[in-house]
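Chains as they are written, first to last, in this note's numbering: chain A, 23 to 167; chain B, 7 to 188. All residues carry an ideal CB built from backbone N, CA and C; glycine is no exception. What follows is a set of notes on a single structure, which appears directly below.
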Amino acid sequence: MNRKNKIVLFLLGLFIVASLYVYFGIYYHSYIDIEKVSAEVEISSGELTSFFILNEKSANSIYRGKVIEVEGIVKEVTFLNNRNTVLLQGDTKYSSVICDMRSNQIEEIKKLKQGQKIKIKGVCKGFLKDAILLNCMLINKKSNE
Amino acid sequence: MNKIIGIIFLLMNFTDFDVKSDQFITRQGQVSFFSYTSVENIEAKNNQVLSIIDFSKNEIAVSMLMNAFVFKKSLMHEHFNESYIESDLYPKATFEGSILDFDPLATETQTKIIKGELTIHGITKEIEIKTTIENNNGTYLLNGDFELIVKDFDIKIPPILAPNIAKIISVKFRFEYQPYEK
Numbered sequence: 023m024n025r026k027n028k029i030v031l032f033l034l035g036l037f038i039v040a041s042l043y044v045y046f047g048i049y050y051h052s053y054i055d056i057e058k059v060s061a062e063v064e065i066s067s068g069e070l071t072s073f074f075i076l077n078e079k080s081a082n083s084i085y086r087g088k089v090i091e092v093e094g095i096v097k098e099v100t101f102l103n104n105r106n107t108v109l110l111q112g113d114t115k116y117s118s119v120i121c122d123m124r125s126n127q128i129e130e131i132k133k134l135k136q137g138q139k140i141k142i143k144g145v146c147k148g149f150l151k152d153a154i155l156l157n158c159m160l161i162n163k164k165s166n167e
Numbered sequence: 007m008n009k010i011i012g013i014i015f016l017l018m019n020f021t022d023f024d025v026k027s028d029q030f031i032t033r034q035g036q037v038s039f040f041s042y043t044s045v046e047n048i049e050a051k052n053n054q055v056l057s058i059i060d061f062s063k064n065e066i067a068v069s070m071l072m073n074a075f076v077f078k079k080s081l082m083h084e085h086f087n088e089s090y091i092e093s094d095l096y097p098k099a100t101f102e103g104s105i106l107d108f109d110p111l112a113t114e115t116q117t118k119i120i121k122g123e124l125t126i127h128g129i130t131k132e133i134e135i136k137t138t139i140e141n142n143n144g145t146y147l148l149n150g151d152f153e154l155i156v157k158d159f160d161i162k163i164p165p166i167l168a169p170n171i172a173k174i175i176s177v178k179f180r181f182e183y184q185p186y187e188k
């Protein structure tokens with residue numbers, strides 16, 4: 023009797039651990055960890071916007087959903103709606119690359135100046151009037167001094 | 007061929023140069039939606055919504071990338087994009103409409119109705135949205151919320167997940183417009 027109880031308890035415990043594992047492992051499976059993934063494509067912000075403007079469909083097939091590394095000149099840094107956003111200059115002044123930065127990048131972003139050349143890694147989501155990158159982080163920061 | 011397209015684009019840019027004086031733009035508008043059920047609450051935000059208002063005609067246009075909605079759990083993001091919205095086939099949601107009897111010069115906050123056509127998942131619906139409009143020294147803030155019926159947009163939810171997703175989704179928006187620079 024005692025032994026049977028032990029087995030039942032053990033199985034119950036195992037079941038709970040397994041379900042917790044499944045719940046947290048699969049259900050809470052996080053978004054791409056950008057720090058661990060290397061970029062599939064490297065491109066300048068000007069080239070990226072001009073490519074999207076010329077042929078959005080083919081640009082989407084190359085960049086959409088991919089981790090890309092974009093080099094460009096800081097156009098603007100905004101903190102609108104509690105987001106930390108860096109805009110990189112596009113090929114014309116009508117277009118830019120909008121980079122929604124990860125929250126751990128805030129201190130670095132505050133130091134950025136307009137006109138500075140930087141490199142950003144992020145997930146390309148597509149194009150509206152600007153190319154949109156989410157989950158971004160600064161890499162290999164260079165200053166213009 | 008590509009050169010010709012480039013030239014056409016250049017021409018288009020130049021030709022609407024003069025019209026742009028009454029245009030206001032936001033590239034970082036916020037749209038969020040909520041689904042409340044007894045099983046779970048789902049919330050997603052898109053902070054890169056594009057919108058342009060033309061005050062000479064009181065017209066408004068909105069465009070957003072469906073895959074730029076951020077969820078708390080990546081599985082929700084995956085279901086949303088792959089099964090419900092099918093963002094590979096229908097990458098954008100758009101709205102085109104007009105703000106009814108709006109006075110761009112008024113400085114006090116106004117509450118107006120925007121009437122127009124909303125396209126999600128390739129399906130277009132006529133809707134009316136109530137919005138507040140604040141004029142802060144030449145920049146405009148539009149704020150509001152409305153509800154959408156999931157079924158209206160031919161979004162199929164498998165029976166097993168039906169209890170997790172509300173039949174009616176509430177949507178909120180917040181757009182801060184700047185003058186469109188020429």
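Residue i at chain B interface by Cβ criterion, 8 Å
| i | result |
| --- | --- |
| residue 148 (chain A) | yes |
| residue 105 (chain A) | yes |
| residue 100 (chain A) | yes |
Proximity test, Cβ basis, 8 Å: residue i and chain A
| i | result |
| --- | --- |
| residue 154 (chain B) | no |
| residue 46 (chain B) | no |
| residue 173 (chain B) | no |
| residue 97 (chain B) | yes |
| residue 184 (chain B) | no |
| residue 74 (chain B) | yes |
| residue 56 (chain B) | yes |
| residue 2 (chain B) | Examination of residue 2 (chain B) is not possible in this model, given that chain B is present from 7 through 188 alone. |
| residue 53 (chain B) | yes |
| residue 24 (chain B) | At residue 24 (chain B) the pLDDT is 45, less than 50, meaning the model places this residue with poor confidence; the figure from the coordinates comes in the next sentence. False, the Cβ-Cβ gap to chain A never drops below 8 Å. |
| residue 21 (chain B) | Note on residue 21 (chain B): pLDDT 48, under 50, position unreliable in the model; the coordinate value appears next. So no, residue 21 (chain B) is outside the interface. |
| residue 29 (chain B) | no |
Nearest-angstrom Cβ-Cβ length linking residue i and residue j, presumed shorter than 8 Å
| i | j | result |
| --- | --- | --- |
| residue 207 (chain B) | residue 129 (chain B) | Here chain B covers residues 7 to 188 and nothing more, so residue 207 (chain B) does not appear. |
| residue 110 (chain A) | residue 92 (chain A) | 6 Å |
| residue 139 (chain B) | residue 115 (chain B) | 7 Å |
| residue 108 (chain A) | residue 131 (chain A) | 6 Å |
| residue 1 (chain B) | residue 70 (chain B) | The structure shown does not extend to residue 1 (chain B), since chain B is modelled only from 7 through 188, so no value can be given for it. |
| residue 34 (chain B) | residue 53 (chain B) | 6 Å |
| residue 181 (chain B) | residue 148 (chain B) | 4 Å |
| residue 56 (chain B) | residue 151 (chain A) | 5 Å |
| residue 186 (chain B) | residue 31 (chain B) | 4 Å |
Interface partners of residue i on chain C, CB under 7 Å
| i | result |
| --- | --- |
| residue 71 (chain B) | Annotation note: the requested chain C is absent from the structure, which comprises protein chains A and B. |
Proximity test, residue i beta-carbon vs the ligand FAD heavy atom, cut-off 7 Å
| i | result |
| --- | --- |
| residue 29 (chain A) | In the structure on display, the ligand FAD does not appear, and there are no ligands present to speak of. |
*Are there three or more Cβ pairs, one per stretch, closer than 8 Å when the segment 141–157 of chain A is compared with the segment 41–49 of chain B?*
In short, these stretches do not touch, since the Cβ pair count stays below three.
*asked:* Counting only Cβ-Cβ distances shorter than 7 Å, please list the residues of the segment 130–157 of chain A near chain B, keeping chain order.
replied: 147, 148, 150, 151, 152, 154 and 156
_In chain order, what are the residue ranges of uninterrupted beta strand (DSSP E) at least 3 long that sit wholly in the segment 59–123 of chain B?_
65–71 and 98–105
*Could you run through the segment 105–127 of chain A and flag, in chain order, every residue whose CB is less than 9 Å away from some CB of chain B?*
Correct list: 105, 107, 109, 114, 115, 116, 118, 120 and 122.
*Write down every uninterrupted run of the beta strand (DSSP E) in the segment 59–144 of chain A whose length is 3 residues or greater and which is fully enclosed by it, in chain order.*
63–66, 89–100, 107–111 and 118–123
_For the pair the segment 150–157 of chain A and the segment 70–90 of chain B, tell me if three or more CB-CB distances fall below 8 Å._
yes
*Count the C-beta pairs between the segment 51–66 of chain A and the segment 23–40 of chain A that are closer than 8 Å, then say yes if the count reaches three, no if not.*
no
*Could you say if the segment 61–68 of chain A and the segment 94–107 of chain A meet the contact criterion of at least three C-beta pairs nearer than 8 Å?*
yes
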